[in-house]
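Remarks on the structure that follows.
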Amino acid sequence: MGQIARIKCPKCGYESTLKLGAGMRFFDPDTALSLFDKSIQEKISPLIKGKTSIGFDASFELGICEVCKKAVSVPVIRINRPGSSPHTIKPTCECGKELPTYDTNVENGRQNIPCPICKTLLKIETTSLWD
Ligand SMILES: [Zn+2]
Ligand SMILES: [Zn+2]
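Just so we're on the same page, this note's numbering is the position in the sequence shown counted from 1, plus 5.
Here is the structure:
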């Protein structure tokens, strides 16, 4: 289940509403692929659709870009690998910078996420759910 999250900075007042988390159909390789643009699709398609695929986890995470000074919803895919940590693939920000992303799922323990403008920790509220 995904969440519609409202984030707000208690200090500078930065605010944004983002669609985060994973939908039920994200378990489907084609649905997961559709979250990404062509260049990334080509990279992950053989990994998640091949016979040797051993599973993956796709979701939208909260990305913070300090260059663009904004919070964005970023598709992230983690592809399982035997005997080592998952291979994580995600797009860069539209400015070209690599985006730090955060899992906002309460079940996984909410992380401290800095405001993209003033770096004060953001307050995150789930306003509704989607699937
Ligand atoms: Zn702020
Ligand atoms: Zn950026």
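Glycine included, C-beta positions come from ideal geometry on N, C-alpha and C.
* Contact with chain B by Ser89, beta-carbon distance below 8 angstroms -> Of the chains in the structure shown, none is chain B; there is only one protein chain.
* **Separation of Gly18 from Asp62, as counted between CA atoms** => 33 angstroms
* Asked: Is there at least one non-hydrogen atom of ligand 2 closer than 7 angstroms to the beta-carbon of Glu66?
  -> no
* **Buried versus exposed, by CB contacts within 10 Å (16 or more), Gly7** => buried
* Asked: So what does Ser89 bridge to, in DSSP terms?
  -> Arg86
* In its own chain, which residues sit with a C-beta less than 6 angstroms from the C-beta of Cys184, not counting the 5 before and 5 after it? -> The requested residue 184 is not part of the displayed model; the chain covers only 6 to 136.
* Where do the N-terminal and C-terminal ends of the alpha helix (DSSP H) with Ser133 fall, by residue? -> Premise fails: Ser133 lies in the beta strand (DSSP E), 128 to 135, not in any alpha helix (DSSP H).
* **Backbone CA spacing between Thr132 and Ile9 [nearest angstrom]** => 6 angstroms
* Kindly examine ligand 1 and report whether one of its heavy atoms sits closer than 7 angstroms to the Cβ of Ile122. => yes
* What span of residues does the beta strand (DSSP E) with Ala27 cover, start to end? -> Where Ala27 is concerned, there is no enclosing beta strand (DSSP E), given that its DSSP letter is neither H nor E.
* Which stretch, first to last residue, makes up the beta strand (DSSP E) that contains Ile53? -> Premise fails: Ile53 lies in the alpha helix (DSSP H), 43 to 54, not in any beta strand (DSSP E).
* Asked: Would DSSP call Leu104 helix, strand or coil?
  -> coil
* Supposed close pair Leu67, Leu23 - CB separation, criterion 8 angstroms -> 6 angstroms
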